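Asks: Take any residue in the sequence shown, note its place counting from 1, add 21, and you have its number in the numbering used here. All C-beta atoms in this analysis are idealised placements derived from N, C-alpha and C, irrespective of residue type, glycine included. Just so we're clear, the structure is a prediction, and the values are computed from it rather than from any experiment. Supplied in structure tokens, the structure appears directly below.
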Amino acid sequence: MEPNVSIIIPVYNGEKTVERAIRSCLNQTYQSLEVLVVDNGSVDQSTQIIENLSRVDKRVKLVKLTKKGRSNARNVGLNQTKGKFIQFLDADDELLPHKIEAAVNFLEAHAACFAYGTGIEYVTNKGSIIRIPDTSNNIELLIHNIFPINTLVFRKNPIRFDRMIEFDEDWLYWVELFKDNMLGVTMTPEIGARVHVTGENTMNDTSRMLYYEILIRGIIRQKYPISNGILLKTDVKKMLMLNSLAHFGSITNSQYDEAAKYFMNLNKVAKVLYTIPIIRRKTNQGVNGILEKQTYQG
């Protein structure tokens with residue numbers, strides 16, 4: 022019998038954490054699932070660990086790739102899924118035991134609902150924080166990525182990741198899925214996944230994460246132009262932050278140009294505003310505060 026749920030885990034050199042991630046899937050209270058682990062050419066012991074687990078539990082399936090890239094890995098996983106519901110999981114994170122069962126029960130009882138999500142616990146060496154996405158309006162998703170990758174169980178569909186984007190790639194994916202139907206997403210405050218933030222986690226690269234949030238917002242702005250005062254204000258703020266990143270030397274000239282091209286005249290306005298001392302100082306303080314944080318919170 023085919024599995025009802027497909028869990029996709031991209032991994033690259035994840036020998037320290039991938040077994041924990043896989044076991045968190047196998048230990049779900051809901052058992053009709055498959056775990057597709059897509060290896061991006063790891064050179065550590067990741068492949069051997071996955072193969073060992075797959076010999077013990079046939080629900081674990083290893084897919085080997087030679088080309089690195091999280092977006093490509095997720096697409097390959099999506100193309101091989103057998104389940105009618107999808108869950109993404111990063112190789113350094115874990116699902117809590119009841120996450121899949123709660124989602125499947127709800128989705129099967131509510132045909133109009135497209136996705137079911139939970140809160141996420143972020144664990145650092147200083148403690149933990151809980152994030153629960155706000156799905157009260159569509160605009161919020163256009164401003165920033167409100168769904169961490171492990172948040173949702175959703176119905177299988179033809180949408181795929183943009184393979185050219187390797188950071189914050191899930192934001193664009195969620196926009197493609199939900200841009201017209203945020204009402205199709207049901208959230209619960211229950212915690213369903215745990216994100217372990219370490220020195221090897223991309224969330225620690227705060228300057229890169231901030232830059233890609235600006236870049237992806239630009240791509241979304243171009244693909245889905247919406248006249249909205251809140252979005253306009255947000256986009257000007259993002260252009261101010263882009264200029265601040267350049268001021269701090271956190272991005273290259275080519276990165277600056279790549280992001281700025283999506284905002285055109287708004288960046289011209291922001292460049293003028295950035296010359297005003299009080300605006301420049303407040304923007305730099307805000308960006309510097311983000312760069313000094315241990316993790317990027319968006």
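1) So what does DSSP say about residue 152, is it helix, strand or coil?
2) Rounded to the nearest angstrom, what separates residue 136 and residue 96 at their Cα positions?
3) Going by the beta-carbon positions, is the gap between residue 110 and residue 117 smaller than 8 Å?
4) Does residue 245 pass the burial test, meaning 16 or more other C-beta atoms within 10 Å, or should it be called exposed?
5) Assuming residue 236 and residue 271 are in contact, meaning their beta carbons sit under 8 Å apart, how far apart are those beta carbons, in whole angstroms?
6) Hey, residue 140 and residue 210 are a contact pair by Cβ (cut 8 Å); roughly how many whole angstroms apart?
7) Can you give me the Cβ contacts of residue 227 inside the same chain, cut-off strictly under 7 Å, excluding the 5 residues immediately before and after it?
8) In its own chain, which residues sit with a C-beta less than 8 Å from the C-beta of residue 79, not counting the 5 before and 5 after it?
9) Quick check: residue 176 and residue 127, are their CB atoms within less than 8 Å of each other?
10) Could you tell me which uninterrupted alpha helix (DSSP H) segments, each at least 4 residues in length, are contained entirely in the region 57-141, listed from first to last along the chain?
11) Whose C-beta lies closer than 8 Å to the C-beta of residue 202 among residues of the same chain, with five residues either side of it excluded?
12) List the DSSP bridge partners of residue 207.
13) Starting from the Cα of residue 51, find the closest Cα among 146, 248, 187 and 24 and give me that residue.
14) Helix, strand or coil, according to DSSP, for residue 143 in the structure here?
15) Can you tell which of 216, 263 and 255 has its C-alpha closest to the C-alpha of residue 38?
16) Kindly indicate which residue of 281, 273 and 267 has the alpha-carbon position closest to the one of residue 257.
17) Residue 217 bridges to which residues according to DSSP?
18) How big is the Cα-Cα spacing for residue 82 and residue 49?
19) Between residue 122 and residue 142, what straight-line distance do the alpha-carbon atoms span, to the nearest angstrom?
20) Kindly list the residues whose CB is nearer than 7 Å to the CB of residue 239, restricted to its own chain and excluding five residues on each side of it in sequence; keep chain order.
21) By Cβ distance, which residues of its chain are closer than 8 Å to residue 214, with the 5 residues on each side in sequence left out?
22) In chain order, what residues of the same chain have a beta carbon less than 7 Å from the beta carbon of residue 184, not counting five sequence neighbours either side?
23) Which residues in the same chain have their Cβ closer than 7 Å to the Cβ of residue 267, if we skip the five residues on either side of it in sequence?
24) Is the beta carbon of residue 192 sitting closer than 8 Å to the one on residue 166?
Replies: Let me spell this out:
1) Counting from 1 along the sequence shown, the entry for residue 152 is found at position 131. Strand, per DSSP.
2) Reading the sequence shown from its first residue, position 115 is the one you call residue 136. Reading the sequence shown from its first residue, position 75 is the one you call residue 96. Near 19 Å, if we compare the C-alpha coordinates of residue 96 and residue 136.
3) Taking the first residue of the sequence shown as position 1, residue 110 is located at position 89. Taking the first residue of the sequence shown as position 1, residue 117 is located at position 96. Contact: no.
4) By one-based count along the sequence shown, residue 245 stands at place 224. So residue 245 counts as exposed.
5) Residue 236 sits at position 215 when you count from the first residue of the sequence shown. Residue 271 sits at position 250 when you count from the first residue of the sequence shown. With a Cβ gap of about 13 Å, residue 236 and residue 271 do not count as contacting.
6) The residue given as residue 140 occupies position 119 in the sequence shown. The residue given as residue 210 occupies position 189 in the sequence shown. Residue 140 to residue 210, Cβ: 6 Å. Contact.
7) Here residue 227 refers to the residue found at position 206 when the sequence shown is read from its first residue. For residue 227, where only same-chain residues beyond five positions count, the Cβ hits under 7 Å are 311, 312, 314 and 317.
8) For the purposes of this step, residue 79 is identified with residue 58 of the sequence shown, where counting begins at 1. Result list for residue 79: empty, nothing under 8 Å.
9) Residue 176 sits at position 155 when you count from the first residue of the sequence shown. Residue 127 sits at position 106 when you count from the first residue of the sequence shown. No, they are not a contact pair.
10) 67-77, 91-101 and 120-130
11) Walking along the sequence shown from the start, residue 202 turns up at place 181. Result list for residue 202: 135, in chain order.
12) For this step, residue 207 is matched to residue 186 along the sequence shown. BP columns for residue 207 point to 137.
13) Mapped onto the sequence shown, residue 51 falls at position 30. The shortest C-alpha separation from residue 51 is found at 24.
14) The sequence position of residue 143 within the sequence shown is 122, counting from 1. Reduced to three states, the DSSP call for residue 143 is strand.
15) Translated into the one-based positions of the sequence shown, residue 38 becomes position 17. If we check each option's Cα against that of residue 38, 216 comes out closest.
16) Numbered from its first residue, the sequence shown carries residue 257 at position 236. Closest by alpha carbon: 281.
17) Here residue 217 refers to the residue found at position 196 of the sequence shown. Paired residues: 144.
18) Counting from 1 along the sequence shown, the entry for residue 82 is found at position 61. Counting from 1 along the sequence shown, the entry for residue 49 is found at position 28. In a straight line, the C-alpha of residue 82 is about 17 Å away from that of residue 49.
19) By 1-based counting over the sequence shown, the position of residue 122 is 101. By 1-based counting over the sequence shown, the position of residue 142 is 121. About 19 Å.
20) For the purposes of this step, residue 239 is taken as residue 218 along the sequence shown, with counting starting at 1. Closer than 7 Å at the Cβ level, and outside the excluded window around residue 239, lie 280, 283 and 284.
21) Here residue 214 refers to the residue found at position 193 when the sequence shown is read from its first residue. So the list reads 110, 114, 115, 116, 117, 120, 139, 141, 142, 169, 171 and 172, once near-sequence residues are dropped.
22) The count along the sequence shown starts at 1 and reaches residue 184 at position 163. Same-chain partners within the cutoff: 90, 92, 93 and 96.
23) Position 246 of the sequence shown holds residue 267. Cβ within range, chain order: 277.
24) Here the question's residue 192 lines up with position 171 in the sequence shown. Here the question's residue 166 lines up with position 145 in the sequence shown. It is a contact, given that the beta carbons lie within the stated cut-off.
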